[in-house]
Amino acid sequence: MPVTLSPVATATRTLVLPLDATLALGPRAAALDATAGGAITRALTAARFTAAEGACLDLFALPGADAARVVVLGLGAPGAGALVPARAGAALARHLEAAGESAATLVFDGTDAAQLAALVHGVRLGNYRFGLTAQGESPFALDLALATDLEPGAALSRMEAVAEGVCFARDLVNYPASHLNPDSFADFLAPLAAAGIAIEVLDAEALARMGMNAVLAVGAGSARAPKVIVLRYRPTGSPAAPIALVGKGICFDAGGLAIKSGPQMFDMRADMSGAAAVAGTMLALARQGSREHVVGVLGIAENLLSGTSYKPGDIVTTFAGKTVEVYDTDCEGRMVLADILALAARSEPRVIVDLATLTYSVMQGLGHVFAGLFATDDGLAEALLRAGETVGERFWRLPLDPAYQEALRSPVADLRQHAEDLHDGDAPHAAAFLHAFTGGFPWAHLDIAGKELAAKEMPLARRGGTGFGVRLLEEWIAGLAPAEG
29 MPVTLSPVAT ATRTLVLPLD ATLALGPRAA ALDATAGGAI TRALTAARFT AAEGACLDLF
89 ALPGADAARV VVLGLGAPGA GALVPARAGA ALARHLEAAG ESAATLVFDG TDAAQLAALV
149 HGVRLGNYRF GLTAQGESPF ALDLALATDL EPGAALSRME AVAEGVCFAR DLVNYPASHL
209 NPDSFADFLA PLAAAGIAIE VLDAEALARM GMNAVLAVGA GSARAPKVIV LRYRPTGSPA
269 APIALVGKGI CFDAGGLAIK SGPQMFDMRA DMSGAAAVAG TMLALARQGS REHVVGVLGI
329 AENLLSGTSY KPGDIVTTFA GKTVEVYDTD CEGRMVLADI LALAARSEPR VIVDLATLTY
389 SVMQGLGHVF AGLFATDDGL AEALLRAGET VGERFWRLPL DPAYQEALRS PVADLRQHAE
449 DLHDGDAPHA AAFLHAFTGG FPWAHLDIAG KELAAKEMPL ARRGGTGFGV RLLEEWIAGL
509 APAEG
């Protein structure tokens, strides 16, 4: 979607006038209204237009206007944060697509570059499409020109980079296992390499040498051997100690020997959404030239049923040296995370954050409004919660308490993989299990189960992969105090 800047309205069929609830016309909009003999003001009154967030009012053939269509776009109450204009931008993208308008000029008389950048960001996200039809599927071809006195370069570049990262993560989530799997996952990361991110792929042979037996156990039932992919972004002058982002990347989860039912299995292509979010975040950071040092660790596997699948009762020696008694083969995510968290800890990071579609219990407890957050550090938890509220990816902090470790005691291994009662608060037990592999570094675990796919159209996402987590992580990292190099 090309975006061009101009101080004057470009000659297109469609002009877009964003207005907040005060309905105050800026200089360009007021001049257009005057040329049209007050037709815009009269139309706003006649339509009882309140400028509700994302509301679109179409005006046609205004006297003296070059454009055939003028769309008045509602921005809601004045002074709202960046989330409101982003959602309004997404609504505008859908409105223009439905109208078949492929070019528009956004006439922005405001003085807030961040608001303008958020509007364009929302248009990008609302313009996203995915499909593998014979004809191919691509975003609606929309040329957007910006008529403004602002120079929103930095803010616009940042939001453009974030939108690219989100859409990249959505693509990864939307690809089925026939296309995206342990054999092909690294091939999909070409945009990261092009952005200057170093990519290291650890194959099954390397994992065996390293002792990453938990990853290998999960992937043992698939003909496609598991991989661990390490992403490194280290710009010149960045801090020595990295931020470590860790993502669960189960490309398809049939449950292993604890096989899921058909309906449960259908959306399990999206069980790699944590890895997708990490990859999308790192792409966004690299594209905007972030000065942070970031390492991403992705655990890529399929959890399938075969004669070589790992089994309940197996005892697995993890990369960290701890032994784990397997209780439920459908709890494969925490097995993979155990190894890759320990690998991330080897980089001696400032902080570790992992993302995983890990437990049904977090969905059952929080529904689809909040995702679950566990953290060892109050400051880290608060920063992530704030970032989530800012971008609309909301989290609720859940307990990380030593009491949950009691249920993970095993008579034959260092840890049980799962509490004996499968329905006894699985999310906090899973977090307690993962905590054992974080090496004592500040750590947050984001259980994003239920947020990876949209079952219906959402304000910033169509049906399908959401790219959830990218906007949160980018916002959090952008807000970090600079660390010493």
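Residues in the sequence shown are numbered from 29 upward in steps of one, following this note's numbering.
Backbone N, C-alpha and C fix where the C-beta goes; we use that ideal spot for every residue, glycine too.
Small disclaimer: the values here were computed from a predicted structure and weren't measured.
Between Gly-104 and Ala-141, the gap from beta carbon to beta carbon reaches 8 angstroms or more. The three-state secondary structure of Arg-297, taken from DSSP, is helix. Within the same chain, Cβ atoms closer than 8 angstroms to the Cβ of Pro-55 are found at Asp-137, the five residues on either side in sequence being excluded. Under the Cβ criterion (8 angstroms, minimum of three pairs), the stretch 424–435 does not count as touching the stretch 342–349.
In summary, Ala-459 is buried, with 16 or more beta-carbon neighbours lying within 10 Å of its beta-carbon over all protein chains present.
Sequence-distant partners of Pro-204 (beyond 5 residues in either direction) whose C-beta falls short of 7 angstroms from its own C-beta, in its chain, are Arg-297. Here Pro-210 carries a coil assignment [DSSP, helix/strand/coil]. Along the stretch 139–210, the alpha helix (DSSP H) occurs as fully enclosed runs of 4 or more residues at 141–154 and 181–202, listed in sequence order. When DSSP states are grouped into helix, strand and coil, Leu-332 belongs to the coil group. In the structure shown, the three-state DSSP call for Glu-129 is coil.
For Thr-404, the closest C-alpha among the options Ile-368, Arg-444, Phe-465 and Thr-357 is that of Phe-465. Annotated three-state conformation of Gly-102 is strand, per DSSP. Within the stretch 258–330, the complete alpha helix (DSSP H) runs of at least 4 residues fall at 290–293 and 301–315. By the beta-carbon neighbour count (other beta carbons within 10 angstroms, threshold 16), Val-419 is buried. Residue pairing from DSSP places Pro-46 in a beta bridge opposite Leu-101.
DSSP, reduced to helix, strand and coil, places Glu-410 within a helical segment of the structure shown. If you check the CB distance, Phe-469 and Pro-377 come in under 8 angstroms. Here Phe-402 is buried: its Cβ has 16 or more other Cβ atoms, across all protein chains shown, within 10 Å.
Measuring C-alpha to C-alpha distances from Ala-232 to each of Pro-291, Ala-58, Ala-145 and Ala-329 identifies Ala-329 as the nearest.
A straight line joining the alpha-carbon of Ala-226 with that of Ala-121 spans about 34 angstroms.
Contact between Gly-495 and Val-112 is ruled out by a C-beta separation of about 19 angstroms, above the 8 angstroms threshold.
Taking every protein chain shown into account, the CB of Val-397 has fewer than 16 other CB atoms within 10 angstroms, so this residue is exposed.
Counting only the Cα atoms, Arg-97 lies some 6 angstroms from Ala-89.
Here Ala-415 carries a helix assignment [DSSP, helix/strand/coil].
Contact between the stretch 360–370 and the stretch 325–342 is present: 3 or more CB-CB pairs across the two stretches fall below 8 angstroms.
Per DSSP, the unbroken beta strand (DSSP E) holding Leu-230 starts and ends at 226–230. The residue from Leu-45, Gly-109 and Ile-343 with its alpha-carbon nearest to that of His-446 is Ile-343. Ala-399 carries a strand assignment under DSSP once its states are collapsed to helix, strand and coil. Gln-392 counts as exposed, since fewer than 16 other beta carbons sit within 10 angstroms of its beta carbon. In this structure, the alpha-carbon of Arg-499 lies about 17 angstroms from that of Ala-477. With fewer than three CB-CB distances shorter than 8 angstroms, the stretch 302–312 does not count as touching the stretch 242–249. In this structure Lys-484 is exposed. Its beta-carbon is surrounded by fewer than 16 other beta-carbon atoms within 10 angstroms. Going by DSSP, Asp-475 is part of the beta strand (DSSP E) stretching over 471–475. Taking the CA atoms as reference points, Val-256 sits about 24 angstroms from Ala-455.
Of Leu-413, Asn-209, Leu-408 and Gly-407, the smallest CA-CA separation from Ala-399 is found for Leu-413. In this structure, Ile-380 lies near Trp-471, with their beta-carbon atoms less than 8 angstroms apart.
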